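All remarks here apply to the structure that follows.
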Amino acid sequence: MIYISTTAVAATIGLVAVNILQPGDKLPDDMKQKLQSSYQDTASGKMEAAQQMKERTALQPIVDMVPQNFFNAASNNRNMLQVVFVSIIVGISLIQIGKSKSKPMLNFFESLNEVVIKLVENIMILAPIGVFSLIADTITTIAGDDINKVFELLGALGFYMIAVIIGLIYKRQ
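In structure tokens form, the structure reads like this:
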């Protein structure tokens with residue numbers, strides 16, 4: 004219940020901040036058109052996928068919980084429920100076979116957990132560089148060689164950043 008309420012409060016703060024500050028209005032109209040046209044195919048694909056999900060039967064989510072290929076499910080974020088389902092089944096099986104036989108497998112999973120945590124820590128160290136690179140690529144793609152458009156985009160991003168910071172400050176109070 005706490006998770007749901009904090010999520011609702013965070014979403015409300017975000018929506019209020021965005022509706023009051025409207026950071027998207029700072030983006031010039033020609034750039035909005037260019038962005039909309041370049042991402043229109045992606046949006047259309049997602050709308051088609053949503054329509055297919057809407058047409059599924061009531062029992063399909065239960066059938067979809069069992070993965071056809073665990074490694075494929077583990078490598079695809081869309082199939083996270085399948086990974087959780089298999090993990091629960093494996094955990095129940097480990098409990099049923101007893102500690103002496105399950106100990107090597109538990110040691111393996113504990114070691115794997117430590118490796119994954121360290122891997123995520125290392126990736127998060129590089130995340131700011133990656134985000135900067137993605138933003139720089141987007142700016143150069145949209146603005147091209149026009150330095151004025153670069154500054155317009157940076158101004159819009161700066162205003163958006165201020166809107167996010169205001170929302171975060173308000174949430175902490």
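In terms of my numbering, the sequence shown opens at residue 4 and continues consecutively. Don't be surprised by glycine CBs; every beta carbon is placed ideally from N, CA and C. Here the structure is a predicted model, which means the values were calculated and not measured.
Considering only C-alpha positions, which residue in the set Y6, V19, I128 is nearest to V167?
V19
Please state whether DSSP places D3 in a helix, a strand or coil.
Missing from the structure shown is residue 3; the chain here goes from 4 to 176 and no further.
Taking the alpha helix (DSSP H) that K37 falls in, what are its first and last residues?
32-41
Look at P70 and Q85 and say whether their C-beta atoms are less than 8 Å apart.
yes
Local Cβ density within 10 Å of I145, reported as buried at 16 or more and exposed below that:
buried
Have a look at R59 and N82 and give me their C-alpha separation to the nearest angstrom.
16 Å
Would the beta-carbon of L97 fall within 8 Å of that of M108?
yes
How many angstroms separate the CA atom of I16 from the CA atom of K29?
20 Å
Could you give the uninterrupted runs of the beta strand (DSSP E) lying entirely in the segment 111-156, keeping only those of 3 residues or more?
none
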